[in-house]
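Working notes for the structure below.
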Amino acid sequence: MTAPGSTLLEVEELTVRFPTADGVVQAVTNVSFSLRRGETLGIVGESGSGKSVTNLAIIGLLNRKRAEITGKVVFEGTDLLALKPDELSAVRGRDIAMIFQDPFASLHPMYRVGDQIAEAVLAHEKTSKGKAQQRAVELLGRVGIPNAAQRAKDYPHQFSGGMRQRAMIAMALVHNPDVLIADEPTTALDVTVQAQILELIQTVKAEFDIGVILVTHDLGVVEETADSVMVMYAGSVMEYGSAAEVFGLPQHPYSWGLLDSMPSIDRRLETLMPIEGSPPSLISPPPGCPFHPRCRYRFEPCSSVRPPLEAPPGGHLDACHLPSERKQALGRSRSVEHFGARA
Amino acid sequence: MALYIARRLIWTLVVVLAVLGLTFVVFYLLPAGDPALRFAGRSPTPETLAEIRHRLGLDHPWWYQFGRYSWHFFAGDQYGWPGLGYSYSGGFSVMSQITTRAPRTLFLIMGAAIIWLTLGVTIGVISAVKRRSWIDRAAMGFALFGLSAPVFWLGLMALFIFWRELGLPFDTGYEPLSAGVWNWSRHLILPWCVLALLYAGIYARVTRNSLLETLGEDYIRTARAKGLSERSVILKHGLRASLTPIVTMFGLDIALLVGGAVITESVFNLQGLGWLAIDSALGQDLPVVLGVTMLTAVAVAVMNLIVDIAYAFLDPRVRTQ
Amino acid sequence: MSAAEPLVEIRHLVKRFPVKQGVFARTAGEVHAVEDVNLTIRRGETLGIVGESGCGKSTTARLILRLLDPTSGTITFDGRDITKLSQRELRPLRREMQMIFQDPYSSLNPRKTIGQIIGGPFAIHNMKQGAKTRVKELLEVVGLNPEHYNRYPHEFSGGQRQRIGVARALALNPRMIVCDEPVSALDVSIQAQILNLLRRLQSDFNLTYVFISHDLSVIRQIADRVAVMYIGRVVELGDAEAIYSHPRHPYTAALLSAVPKASADGGRRIVLGGDVPSPVDPPPACVFHPRCIRFKSGHCDVEEPAMTVRGDGQQVACHYPLERWPMTAEEMRR
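Protein chains in written order, with our numbering: chain G, 31 to 373; chain A, 5 to 325; chain E, 144 to 477.
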């Protein structure tokens with residue numbers, strides 16, 4: 031792993047609320063993190079954790095009339111949230127690009143793949159259609175699609191799942207963005223194809239010298255590819271640190287719960303240890319720590335006082351009231367060994 | 005693609021033959037009593053009846069009759085192509101009547117179609133984009149009005165307001181193009197608007213719903229993520245994918261209007277095909293009714309074919325089926 | 144577990160779906176969904192069927208339950224040949240074999256209360272008496288509040304809906320339940336709840352499971368034996384622990400090494416080239432040969448490998464099964 035470079039993105043106290051007829055949905059609450067060039071940030075969470083909404087807010091895909099967004103998203107010195115919609119359009123797709131979960135649904139079924147990529151070129155660059163299409167073919171080749179010139183004329187339904195995701199990645203790279211946000215890029219793919227795509231994302235990160243935000247619910251993916259990890263639950267950050275820190279000594283009961291409940295491929299366990307209960311409603315979140323109703327280690331302050339995101343001495347950021355010695359003891363037994371990219 | 009079209013073409017032919025057969029059964033075989041009577045119009049003389057019987061080949065078995073009818077239909081008879089016989093009450097050939105009337109109906113439909121498509125789709129798009137705003141509600145209210153207001157009432161109101169009260173030269177009747185573009189179009193402007201209003205309402209609603217559904221798709225999100233202008237997202241990505249139901253409806257609407265714009269034609273005295281159908285039905289002039297029926301049926305079959313081909317252009321997934 | 148008698152025997156099962164093309168919808172080709180599958184499901188065990196999209200695992204499940212008619216082959220349930228039985232004759236058998244589906248959101252009728260959904264099987268088999276009590280019992284068994292039987296599916300979370308599906312499957316005391324990706328649509332923390340539930344039910348009610356999944360980690364937690372499928376064929380079959388600790392077929396090896404995780408186990412990842420080929424036009428001879436790292440030209444593309452039973456009971460369909468796991472570099476021929 032290369033040493034991380036300059037800071038590309040700083041998110042400060044990002045909060046997103048959706049007023050609805052049933053009440054205000056607190057989708058994201060006070061999320062802060064940063065991303066540097068060459069870094070892969072893995073954002074882990076289950077449904078309702080706010081991981082996708084966070085990224086949609088960053089890239090400006092949330093409807094400002096329906097969502098109340100506060101906080102700051104500083105990208106290369108500019109607060110993106112303060113920009114006007116057309117200024118934000120200029121950034122989106124050019125400096126910050128995003129790929130999504132289902133590559134089949136994410137490509138327009140009626141236009142050729144090459145044309146859709148060329149369209150991305152023309153969205154931010156004044157050039158000829160021919161040149162844009164050339165660039166599309168070039169990028170398709172770079173993401174590993176054989177016969178790129180021929181395949182560019184195909185329609186999305188003629189591509190396989192893995193190839194479609196590659197095409198999406200090519201489309202994202204058209205303007206050499208600084209940040210690539212990948213929202214569950216491999217969830218909808220077969221496992222052998224997943225491996226290919228993850229490898230591709232890592233290669234692309236190095237070749238194009240970018241920062242990657244990888245959103246997933248799969249801890250295995252994060253273990254393998256991330257430099258830093260942020261664990262989210264019910265719209266808030268539960269734990270945040272470098273991958274070495276978070277996997278070497280996880281500090282939050284939710285992270286422990288995730289690690290305990292994940293079916294392991296390494297050995298068959300007598301019983302699996304799920305996290306009891308269900309994810310909370312985001313409309314009226316419980317007071318105090320959002321995780322406390324399901325937490326095995328909850329005690330007095332958890333139901334009334336929201337734990338701040340703080341680092342215990344010698345540790346990384348977490349939002350939990352437990353004393354640090356307790357965290358260390360409980361975390362040590364869940365430590366993931368030998369993590370990191372494969373040889 | 006060519007295979008797709010060939011497939012559809014063959015099916016169209018099959019459909020036309022089926023309609024031919026069905027029509028034949030309905031008009032020739034089913035009616036009880038002497039078919040010649042039915043073809044003779046009002047108060048025929050015995051000589052006419054005998055002649056009709058001979059001409060209709062009623063002395064021959066039914067399959068011979070069907071064969072002859074089909075043959076005439078496809079190959080023409082002494083009155084031209086397709087051979088639809090002649091009217092017994094008027095003595096004129098059916099084809100000549102149709103050729104006189106058809107242009108009026110076709111011009112009416114074409115003009116109205118252009119208006120209703122443009123108006124309907126535009127309103128639908130605006131409504132979808134400005135969903136739940138006052139523009140949306142007003143537009144849908146207008147659509148409801150267009151849908152519900154009876155055509156004859158609209159027609160009469162239009163004539164009353166624009167022709168009678170305001171004195172504009174949009175009167176009833178019809179003048180062919182040879183009389184000059186202005187003279188031709190001034191008879192058609194009100195019928196165009198009236199007919200278009202009805203369909204514009206429907207199309208606005210369908211467009212709105214179809215587009216709203218499309219805008220929820222993932223590829224729209226991708227288009228926005230690329231940084232495309234909102235206009236491009238809505239029109240190039242959104243509308244294109246929403247067109248299928250509109251194309252389907254359009255094909256059928258046009259086809260049915262060929263023999264069916266009866267009320268409009270009556271109110272504005274255009275004497276087109278719809279008028280011809282009613283008039284001959286009331287006069288029990290079977291050959292003419294038969295002729296218009298066949299024509300409408302063929303129009304529907306052909307429009308379906310065109311719609312199917314249009315699908316293939318619109319949606320590439322259909323081509324590789 | 145002692146050698147249990149077979150509950151289900153599948154021999155030479157084939158299912159092909161026609162592909163219609165051309166002007167008159169002539170059958171232009173066939174989807175070889177399931178090709179010559181031989182499986183035995185023993186009483187009380189969990190047979191895991193694992194594979195990627197298009198491998199035929201879901202089709203196989205539906206064939207076992209006779210929700211589809213096989214193109215050829217035989218299916219025996221409890222000693223009785225059910226391959227050619229009519230739907231009417233199958234009806235009483237349906238009480239013995241049930242299914243749990245993947246998507247908890249679309250597999251429950253949103254217009255019925257969960258009481259009606261779980262009680263549905265009773266109505267179908269004319270057992271309405273005492274159904275309500277039984278429904279409440281079932282709700283408790285799966286960990287839901289029995290007083291909620293008048294609620295509608297949308298009032299429950301994904302995990303709870305899946306429990307409802309399980310309750311429905313249990314209604315008639317079946318002997319076998321086919322679970323088609325039952326946890327794939329659930330959050331990780333909930334998956335474990337459902338897996339625990341399924342395991343407990345198996346021991347409480349002496350159930351036999353056929354568990355289908357694309358997730359190897361999940362299969363490891365629940366399956367006693369595993370069948371690995373690729374384009375309609377079973378390529379490896381045997382004891383689960385044996386397969387996970389030492390896969391023999393190169394495809395199984397690739398699957399295992401593809402799972403993203405931290406520790407490298409000292410081996411290199413096998414990244415398969417290309418995509419899964421279409422089951423309409425499968426490669427000749429060994430269907431895996433175009434992507435196989437152990438491919439030997441002249442052999443693997445000419446002769447289809449038969450399923451061989453090894454000394455330890457494991458079955459592999461491969462000319463060059465792996466001798467060591469993890470593989471060394473020399474073993475990866477390509």
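C-beta atoms are modelled at their ideal positions from N, C-alpha and C, and glycine is treated no differently.
Give the secondary structure of G:Thr-32 by DSSP, where H, G and I count as helix, E and B as strand, and everything else as coil.
In the first sequence, residue 32 of chain G corresponds to position 2, counting from 1. Note on G:Thr-32: pLDDT 40, under 50, position unreliable in the model; the coordinate value appears next. Of the three classes helix, strand and coil, the one that applies to G:Thr-32 here is coil, per DSSP.
Just checking my contact of A:Gly-205 with A:Gly-150 at CB under 8 Å: how many whole Å lie between their CB atoms?
To locate residue 205 of chain A, count along the second sequence from 1; it is residue 201. To locate residue 150 of chain A, count along the second sequence from 1; it is residue 146. Contact holds; Cβ gap of about 3 Å.
So, using beta-carbon positions, are E:Val-459 and E:His-392 closer together than 8 Å?
Reading the third sequence from its first residue, position 316 is the one you call residue 459 of chain E. Reading the third sequence from its first residue, position 249 is the one you call residue 392 of chain E. Cβ distance < 8 Å, so E:Val-459 and E:His-392 count as in contact.
Rounded to whole angstroms, what's the CA-CA distance from A:Phe-78 to G:Leu-137? Just pull it up for me.
Indexing the second sequence from 1 puts residue 78 of chain A at position 74. Indexing the first sequence from 1 puts residue 137 of chain G at position 107. The straight-line gap from Cα to Cα measures roughly 47 Å.
Kindly give me the distance between the Cβ atoms of E:Leu-350 and E:Arg-318, rounded to whole angstroms, as I take these residues to be in contact under 8 Å.
Sequence index remark: in the third sequence, residue 350 of chain E carries index 207 (1-based). Sequence index remark: in the third sequence, residue 318 of chain E carries index 175 (1-based). Contact holds; Cβ gap of about 7 Å.
Just reading off the beta strand (DSSP E) that G:Val-104 is part of, what are its end residues?
Taking the first sequence and counting its residues from 1, one reaches residue 104 of chain G at position 74. Start and end: 98 to 105.
Helix, strand or coil for G:Arg-372, going by three-state DSSP, please let me know.
Taking the first sequence and counting its residues from 1, one reaches residue 372 of chain G at position 342. Its pLDDT being 35, under 50, G:Arg-372 is placed unreliably in this model, and the value from its coordinates should be taken loosely. DSSP places G:Arg-372 in coil when its eight states are reduced to three.
Buried or exposed: which applies to E:Ser-440, given that a residue is buried once 16 or more other Cβ atoms fall within 10 Å of its Cβ?
In the third sequence, counting from the first residue as 1, residue 440 of chain E sits at position 297. Per the 10 Å Cβ criterion, exposed.
Is A:Thr-268 closer than 8 Å to A:Leu-199 when the C-beta atoms are compared?
Taking the second sequence and counting its residues from 1, the one referred to as residue 199 of chain A is at position 195. Taking the second sequence and counting its residues from 1, the one referred to as residue 268 of chain A is at position 264. Cβ distance < 8 Å, so A:Leu-199 and A:Thr-268 count as in contact.
Report the residue from A:Val-185, A:Leu-294, A:Trp-196, A:Gly-124 whose alpha carbon sits nearest the alpha carbon of A:Gly-263.
For the purposes of this step, residue 263 of chain A is taken as the residue at position 259 of the second sequence. Among A:Val-185, A:Leu-294, A:Trp-196, A:Gly-124, the Cα nearest to that of A:Gly-263 belongs to A:Leu-294.
Whose Cβ in chain G lies nearer than 7 Å to the Cβ of E:Val-371?
By 1-based counting over the third sequence, the position of residue 371 of chain E is 228. Under the 7 Å cutoff, chain G gives no residues; its nearest Cβ is about 12 Å from E:Val-371.
Write down the C-beta distance between E:Glu-173 and E:Val-162 rounded to the nearest angstrom, noting that I regard them as a contact closer than 8 Å.
Your numbering for residue 173 of chain E matches position 30 in the third sequence. Your numbering for residue 162 of chain E matches position 19 in the third sequence. Rounded, the Cβ-Cβ distance is 6 Å, consistent with contact.
Less than 8 Å between the CB atoms is what I'm expecting for G:Leu-289 and G:Arg-196, so what's the real figure, rounded?
Here residue 289 of chain G corresponds to residue number 259 of the first sequence, with the count starting at 1. Here residue 196 of chain G corresponds to residue number 166 of the first sequence, with the count starting at 1. That belief does not hold up - the Cβ atoms of G:Leu-289 and G:Arg-196 are roughly 31 Å apart, past 8 Å.
Starting from G:Thr-222, find everything on chain E with Cβ-Cβ shorter than 7 Å and list it in chain order.
In the first sequence, residue 222 of chain G corresponds to position 192, counting from 1. What G:Thr-222 touches in chain E: Glu-195, Ala-397, Leu-398, Ala-401, Leu-415.
Leaving aside the five residues before and after A:Trp-188 along the sequence, list all residues of the same chain whose C-beta is less than 6 Å from its C-beta, in chain order.
Here residue 188 of chain A refers to the residue found at position 184 of the second sequence. Around A:Trp-188: Glu-179, Leu-181.
Compute the beta-carbon to beta-carbon distance between E:Ile-260 and E:Ile-307, rounded to the nearest angstrom, for a pair I have assumed lies under 8 Å.
The residue given as residue 260 of chain E occupies position 117 in the third sequence. The residue given as residue 307 of chain E occupies position 164 in the third sequence. E:Ile-260 to E:Ile-307, Cβ: 6 Å. Contact.
Going by DSSP, what residue range makes up the alpha helix (DSSP H) through G:Ile-313?
Numbered from its first residue, the first sequence carries residue 313 of chain G at position 283. Neither: G:Ile-313 is in no alpha helix (DSSP H) and is coded neither H nor E.
Is G:Gly-380 buried or exposed, if buried means 16 or more other CB atoms sit within 10 Å of its CB?
Because chain G here runs from 31 to 373, residue 380 of chain G falls outside it and cannot be looked at.
Specify the secondary structure class of A:Phe-156 as computed by DSSP and reduced to three states.
The residue given as residue 156 of chain A occupies position 152 in the second sequence. Helix at A:Phe-156.
Specify, as a first and last residue, the run of the alpha helix (DSSP H) that G:Val-366 falls within.
The residue labelled residue 366 of chain G in the question sits at position 336 within the first sequence. Taken as a continuous stretch (DSSP letters only), G:Val-366 belongs to no alpha helix (DSSP H), as it is neither H nor E.
Within this structure, are the beta carbons of E:Thr-202 and E:Ala-176 separated by less than 8 Å?
Residue 202 of chain E sits at position 59 when you count from the first residue of the third sequence. Residue 176 of chain E sits at position 33 when you count from the first residue of the third sequence. Result yes, Cβ atoms of E:Thr-202 and E:Ala-176 sit closer than 8 Å.
Between which two residues does the beta strand (DSSP E) containing G:Arg-66 stretch?
For the purposes of this step, residue 66 of chain G is taken as the residue at position 36 of the first sequence. First-last of the beta strand (DSSP E) with G:Arg-66: 53 to 66.
Would you kindly check if the distance between the Cβ of A:Gly-276 and the Cβ of A:Thr-109 is under 8 Å?
Numbered from its first residue, the second sequence carries residue 109 of chain A at position 105. Numbered from its first residue, the second sequence carries residue 276 of chain A at position 272. Contact: yes.
Between the Cα of G:Gln-232 and the Cα atoms of G:Ala-256, G:Glu-340, G:Gly-101, which residue gives the shortest distance?
Along the first sequence, read from residue 1 onward, the residue named residue 232 of chain G stands at position 202. Ranking the options by Cα distance to G:Gln-232, first place goes to G:Ala-256.
Near A:Leu-318, what residues of its chain come up, given a Cβ to Cβ distance below 8 Å and the 5 sequence neighbours on each side ignored?
In the second sequence, counting from the first residue as 1, residue 318 of chain A sits at position 314. Arg-244, Leu-247, Thr-248, Val-251, listed in sequence order.
To the nearest whole angstrom, what separates the beta carbons of G:Val-267 and G:Met-260, a pair I think is in contact under 8 Å?
For the purposes of this step, residue 267 of chain G is taken as residue 237 along the first sequence, with counting starting at 1. For the purposes of this step, residue 260 of chain G is taken as residue 230 along the first sequence, with counting starting at 1. That belief holds up - the Cβ atoms of G:Val-267 and G:Met-260 are roughly 6 Å apart, short of 8 Å.
Which runs of the alpha helix (DSSP H) spanning at least 4 residues fall entirely within the segment 165 to 253 of chain G, listed in chain order?
With a minimum length of 4 residues, the continuous alpha helix (DSSP H) runs that stay inside the segment 165 to 253 of chain G are 178 to 181, 191 to 203, 221 to 238.
In whole angstroms, give me the CA-to-CA distance for A:Leu-290 and A:Ser-284.
Within the second sequence, residue 290 of chain A is the residue found at index 286, counting from 1. Within the second sequence, residue 284 of chain A is the residue found at index 280, counting from 1. So the alpha carbons of these two residues sit roughly 7 Å apart.
Name the residues in the segment 378 to 391 of chain E whose C-beta lies less than 9 Å from a C-beta of chain G; which are they?
Flagged, chain order: Ala-383, Glu-384, Tyr-387.
From E:His-268 to E:Gln-230, what does the alpha carbon distance come to, in whole angstroms?
Numbered from its first residue, the third sequence carries residue 268 of chain E at position 125. Numbered from its first residue, the third sequence carries residue 230 of chain E at position 87. Their backbone Cα atoms lie some 14 Å apart in a straight line.
Output, in chain order, the set of chain G residues within a Cβ distance shorter than 9 Å of A:Asp-319.
Here residue 319 of chain A refers to the residue found at position 315 when the second sequence is read from its first residue. Residues of chain G passing the Cβ test: Pro-139, Met-140.
Expressed to the nearest angstrom, what Euclidean distance is found between the alpha-carbon atoms of A:Glu-234 and A:Arg-228?
Along the second sequence, read from residue 1 onward, the residue named residue 234 of chain A stands at position 230. Along the second sequence, read from residue 1 onward, the residue named residue 228 of chain A stands at position 224. Going by the C-alpha atoms only, they are around 7 Å apart.
Per DSSP, G:Pro-309 forms a beta bridge with which residues?
By 1-based counting over the first sequence, the position of residue 309 of chain G is 279. Bridge partners of G:Pro-309: none, in fact.
With a threshold of 8 Å between beta-carbons, can G:Gly-29 be considered close to chain E, or not?
Because chain G in this structure spans residues 31 to 373, residue 29 of chain G falls outside the shown range and cannot be described.
Between the C-alpha atoms of G:Pro-133 and G:Val-104, what's the straight-line distance to the nearest angstrom?
Sequence index remark: in the first sequence, residue 133 of chain G carries index 103 (1-based). Sequence index remark: in the first sequence, residue 104 of chain G carries index 74 (1-based). Computed Cα separation, rounded: 29 Å.
Just confirm the distance between the C-beta atoms of E:Asp-367 and E:Glu-188, as a whole number of angstroms; I'd bet it's less than 8 Å.
Taking the third sequence and counting its residues from 1, one reaches residue 367 of chain E at position 224. Taking the third sequence and counting its residues from 1, one reaches residue 188 of chain E at position 45. Correct: roughly 5 Å between the Cβ atoms.
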